[in-house]
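K.L.:
Each residue of the sequence shown is one higher than the last, beginning at 849 in our numbering.
Please see the structure below; I have some questions.
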Amino acid sequence: MFKAERILIPAEQIQQRVREMANEIEADFQDGPIYIVSILKGAFIFVADLARALKRPCVRIEFMGISSYGSQKTSSGQVKVTRDLDVNIEGQNVLIVEDIIDSGVTLSYLTRLLEQRKPKSLEIATLLDKPERRIQPVRVKYVGFTIPDEFVVGYGLDYAEDYRNLSDLRILDSVSM
């Protein structure tokens, strides 16, 4: 059994950092549309807030499903595309938006996959980064928060499909029965 009572990052702090990240992205992408590729399901809340914080009218949102966790608390190391893009990104500015990067396995795979589709630019934004867990190198341009090696839930992140609706980011603890 698990509980998520310890708040790691409160909702207000998350919203402030999302606005700051949007400003950084706006400064870097001066021309043309931005294709935001949201990684489902965990990044959907972050993407919604980030997209609304961007001031430009040409923000196009796409979704991909990538799985490497299943219902476990650690990555299986096996990456599977469960939903692919509906559009051609060749010649476009693409921003992959992820909820959390830890091992780097998923993002390393996804970056290689999307680079083969010849976008004009390809950058990564993540709400959370756990660099101490990295086993595959990943170049992340926009990082919301660097966090310790804890299992976190809330703000779209889940454990076995639960806790996504929490507005804060919380640490998931096991409870002895």
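Ideal placement from N, C-alpha and C gives every residue a C-beta, glycine not left out.
Remember, predicted model here, so these are calculated numbers, not experimental data.
1) Suppose you measure from the CA of Lys-851 to the CA of Gln-878; what does that come to, to the nearest Å?
2) So what does Leu-888 bridge to, in DSSP terms?
3) With distance defined between alpha-carbon atoms, name the residue in Ala-891, Leu-898 and Tyr-883 nearest to Gln-863.
4) Less than 9 Å between the C-beta atoms of Leu-943 and Val-988, yes or no?
5) Given a cut-off of 9 Å, decide if Gly-939 and Lys-968 are closer than it, judged by their beta-carbon atoms.
6) Contact check, Leu-1017 vs Val-1000 under 8 Å by CB: the rounded distance?
7) For the alpha helix (DSSP H) that Ile-873 lies in, which residues bound it at each end?
8) Under 7 Å Cβ to Cβ from Arg-965, same chain only, skipping five residues before and after it: list those, please.
9) Tell me whether Ser-956 sits in a helix, a strand or coil according to DSSP, three-state version.
10) Thinking C-alpha only, which one of Met-869, Ile-855, Glu-1009 and Val-927 is nearest Asp-951?
11) Find the nearest neighbour of Arg-904 within the set Gly-890, Glu-872, Lys-889 and Val-929, judged by alpha-carbon distance.
12) Decide if Val-935 is buried, meaning its Cβ has at least 16 other Cβ atoms within 10 Å, or exposed.
P.N.:
Put simply:
1) Translated into the one-based positions of the sequence shown, residue 851 becomes position 3. Translated into the one-based positions of the sequence shown, residue 878 becomes position 30. Whole-angstrom Cα-Cα distance: 44 Å.
2) Walking along the sequence shown from the start, residue 888 turns up at place 40. Answer by DSSP bridge pairing, in chain order: Gly-913.
3) The residue labelled residue 863 in the question sits at position 15 within the sequence shown. That would be Leu-898, whose Cα lies nearest to the Cα of Gln-863.
4) Reading the sequence shown from its first residue, position 95 is the one you call residue 943. Reading the sequence shown from its first residue, position 140 is the one you call residue 988. At least 9 Å separates the beta-carbon of Leu-943 from that of Val-988.
5) Working through the sequence shown from its first residue, we reach residue 968 at position 120. Working through the sequence shown from its first residue, we reach residue 939 at position 91. Yes; because the gap between Cβ atoms is below 9 Å, this pair is in contact.
6) By one-based count along the sequence shown, residue 1017 stands at place 169. By one-based count along the sequence shown, residue 1000 stands at place 152. Correct: roughly 5 Å between the Cβ atoms.
7) Locating residue 873 in the sequence shown gives position 25, counting from the first residue. Unbroken alpha helix (DSSP H) run through Ile-873: 859-876.
8) Working through the sequence shown from its first residue, we reach residue 965 at position 117. Excluding sequence neighbours, Arg-965 sits near Ile-937 and Glu-938.
9) In the sequence shown, residue 956 corresponds to position 108, counting from 1. Of the three classes helix, strand and coil, the one that applies to Ser-956 here is helix, per DSSP.
10) As a working mapping, residue 951 is identified with position 103 in the sequence shown. The amino acid at residue 951 is misidentified as Asp; the sequence shows Ser. Among Met-869, Ile-855, Glu-1009 and Val-927, the Cα nearest to that of Ser-951 is on Val-927.
11) Along the sequence shown, one-based indexing puts residue 904 at 56. With distances taken between Cα atoms, Arg-904 lies closest to Glu-872.
12) Here residue 935 refers to the residue found at position 87 when the sequence shown is read from its first residue. Counting Cβ neighbours within 10 Å, Val-935 comes out exposed, since fewer than 16 surround it.
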